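Each residue of the sequence shown is one higher than the one before, counting from 9 in the working numbering.
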Amino acid sequence: MSNNIVITGANRGIGLAMCMHFKAQGDNVYALCRKSSTELEALAVNIIEDIDVASDLGIATMVSALSSVHIDVLVCNAGILRDESLAELNLDTIREQFEVNAVAPLRVVASLQKQLNEGAKIALITSRMGSISDNGSGGRYGYFSSLCIERIICRYFSLCYCIYKAT
Numbered sequence: 009m010s011n012n013i014v015i016t017g018a019n020r021g022i023g024l025a026m027c028m029h030f031k032a033q034g035d036n037v038y039a040l041c042r043k044s045s046t047e048l049e050a051l052a053v054n055i056i057e058d059i060d061v062a063s064d065l066g067i068a069t070m071v072s073a074l075s076s077v078h079i080d081v082l083v084c085n086a087g088i089l090r091d092e093s094l095a096e097l098n099l100d101t102i103r104e105q106f107e108v109n110a111v112a113p114l115r116v117v118a119s120l121q122k123q124l125n126e127g128a129k130i131a132l133i134t135s136r137m138g139s140i141s142d143n144g145s146g147g148r149y150g151y152f153s154s155l156c157i158e159r160i161i162c163r164y165f166s167l168c169y170c171i172y173k174a175t
């Protein structure tokens, strides 16, 4: 039986690789992105463009496009990294990273929660830079702190909904 898989940030990188993986398994893949890519289009998955997970319009477009989909797996993969140092701190780029990397996954899950099938799985994709104990790279303050918050949100989901499995 095929599952309905929804992936944000699906046009390249990890999101594209996940689309390839789930498509190869025979699942119904809904690839959400701001703008598609040639590689994504070659997969023949359900592509939903103009999804900016940090904007009200993007969230509304996503909800409308997925209104009849019963979701088995929701992957919040969309994210951005802006390079900044303490000497050249830019609060606008830090806010942007917080909106996309920390707040948007929360908005996506909240907006689609009624469409999640019983037993559905939710994944919030982060990176090692979101770890306080295992991050020696330094710098990139907006990225680092936004991913830390994303991990806290994921942990809080686990306390409320038992969906987080620590590794």
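For glycine and all other residues, C-beta sits at the position ideal for the given N, C-alpha and C. Owing to the predicted nature of the structure, the values given are computational and were not obtained by experimental measurement.
Pick from the options that is closest to residue i, judged by C-alpha positions
i    : options                   : result
M126 : S119, D80 and I15         : The identity of residue 126 in the sequence shown is Glu, whereas the question assumes Met. Of S119, D80 and I15, the residue nearest in Cα terms is D80.
S44  : S75, A32, G34 and C27     : C27
G34  : L51, Y151 and F152        : L51
M70  : Q105, A128, R148 and S119 : S119
S76  : I59, D64, T101 and N12    : N12
V53  : R159, V37 and I67         : V37
T46  : L24, C156 and R103        : L24
I102 : S10, R42 and I157         : I157
Where residue i falls, given that 16 or more other Cβ within 10 Å makes a residue buried
i    : result
R163 : exposed
L94  : exposed
L99  : exposed
Q121 : exposed
S154 : buried
A18  : buried
T134 : buried
A110 : buried
I32  : The residue asked about is misnamed: residue 32 is Ala in this sequence, not Ile. With fewer than 16 Cβ atoms within 10 Å of its Cβ, A32 is classed as exposed.
G21  : exposed
A68  : exposed
Contact belief for residue i with residue j at Cβ below 8 Å, rounded distance in angstroms
i    : j    : result
L82  : I130 : 5 Å
G150 : E96  : The pair is not a contact, with the Cβ atoms about 12 Å apart (cut-off 8 Å).
L89  : R148 : 7 Å
Beta-carbon spacing of residue i, residue j below 8 Å
i    : j    : result
V14  : V61  : no
T16  : L40  : yes
L124 : C84  : no
A128 : V108 : no
I161 : L114 : yes
_Threshold first: 3 residues or longer. Then list the beta strand (DSSP E) segments lying entirely within the stretch 48-131, N to C._
54-56 and 79-84
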